[in-house]
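Below you'll find the structure, written out as structure tokens, and then a few comments.
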Amino acid sequence: MYIIRILIACLCGGAIGIERTLRQKDAGFRTHVIVALGAALIIIVSKYGFFDILQFEGLRADASRIASNVVTGISFLGAGMIFVKGTNIKGLTTAAGIWATAGVGLAIGCGLYITGVVATVIIIVIQILFHTFLIGFDKILANDNSFDVVIRLENNDASIERLKEVLAENNIVVRDTKISLGDDGVFTIIMSVAGDADLDAAKVLDLFNAEKEIKAISF
10 MYIIRILIAC LCGGAIGIER TLRQKDAGFR THVIVALGAA LIIIVSKYGF
60 FDILQFEGLR ADASRIASNV VTGISFLGAG MIFVKGTNIK GLTTAAGIWA
110 TAGVGLAIGC GLYITGVVAT VIIIVIQILF HTFLIGFDKI LANDNSFDVV
160 IRLENNDASI ERLKEVLAEN NIVVRDTKIS LGDDGVFTII MSVAGDADLD
210 AAKVLDLFNA EKEIKAISF
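Residue numbers (this note's numbering): 10 to 228.
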């Protein structure tokens, strides 16, 4: 029974590691297999390895103590995979994957097969689908046109929401909004907007021409 748990843990760790290997990450197939195997083995020893001494009166064993140290140990391993160069940080996803793989190993080592397998599937889906989504999103950001629009507006928050709706209807994204109220009772709104390559100040000005509450617009 224990051997089966270790083998299942290895399979799950390997499934996670294959994706990392295909992306040419430092921690690949072998690392994830060993982490899952080690975590499963440790929790098996922690949970079942002390039955022979528990028969003595006055002796107790806390199976969670050894398992908790797996998390600590994996944290050090994950930290070694994170590289910081200037403002760029690499290795966070791989480090998190190693940590999650250890969790999968612990779950399967405890006999929670379904939990471990489902967690493995979720990890793989996140690594593959989210990676593809973020690449596409980065390409959009790389090709977009962004700038700030400063609007002086009479009225209230309802008018501000109306401006956002107008922009959204024209596929213009509002990344950030800063609002201040002057002593004269006029709102000053700074909107950071982004869109495709055709977006320019003239287009935004044309969209806002019909908004009577606007006193002034600058870019």
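Virtual Cβ for every residue (Gly too), placed ideally from N, Cα, C. Predicted, not measured: the structure shown is a model, and the values here were computed from it.
Contact under 8 Å by Cβ, residue i with residue j
i	j	result
Gly125	Ile117	yes
Gly114	Ala45	yes
Ile198	Ile188	yes
Ile169	Leu162	yes
Ala36	Ala111	no
Ile15	Leu50	yes
His41	Gly58	no
Leu1	Asn179	Shown here, the chain extends from 10 to 228; a query on residue 1 therefore has no answer.
Asp173	Val195	The sequence shown places Lys at residue 173, rather than the Asp named in the question. Not closer than 8 Å, so no.
Ile53	Tyr122	no
Cβ-based neighbour list, residue i, same chain, cut-off 6 Å, excluding 5 preceding and 5 following
i	result
Arg184	Ser201 and Ala203
Ile27	Phe38
Ile17	Ile117
Ala109	Ile132
The alpha helix (DSSP H) enclosing residue i, as first and last residue numbers
i	result
Val130	Tyr122 to Val134
Asp215	Ala210 to Phe217
Lys56	Phe38 to Tyr57
Glu28	Tyr11 to Leu31
Local conformation of residue i per DSSP, three classes
i	result
Arg184	strand
Phe228	coil
Asp157	strand
Leu101	helix
Thr96	Only weak support is given to the placement of Thr96: the predicted model assigns it a pLDDT of 49, under 50, and the value that follows is read from those uncertain coordinates. In the structure shown, Thr96 sits in coil (DSSP, three-state: anything other than H, G, I, E or B).
Residue range of the beta strand (DSSP E) that includes residue i
i	result
Gly204	Phe196 to Gly204
8 Å Cβ shell around residue i - same chain, five flanking residues per side excluded
i	result
Gly191	Thr197
Thr96	With a pLDDT of only 49 at Thr96, under the threshold of 50, the placement of this residue in the model should not be trusted; the figure read from the coordinates follows. Once the five neighbours on either side are set aside, Thr96 has no close Cβ partner at all.
Gly106	Ile25, Arg29, Ala36, His41, Ile132 and Gln136
Contact belief for residue i with residue j at Cβ below 8 Å, rounded distance in angstroms
i	j	result
Ile25	Thr129	6 Å
Phe228	Asp157	7 Å
Leu208	Ile226	15 Å between Cβ atoms; not a contact.
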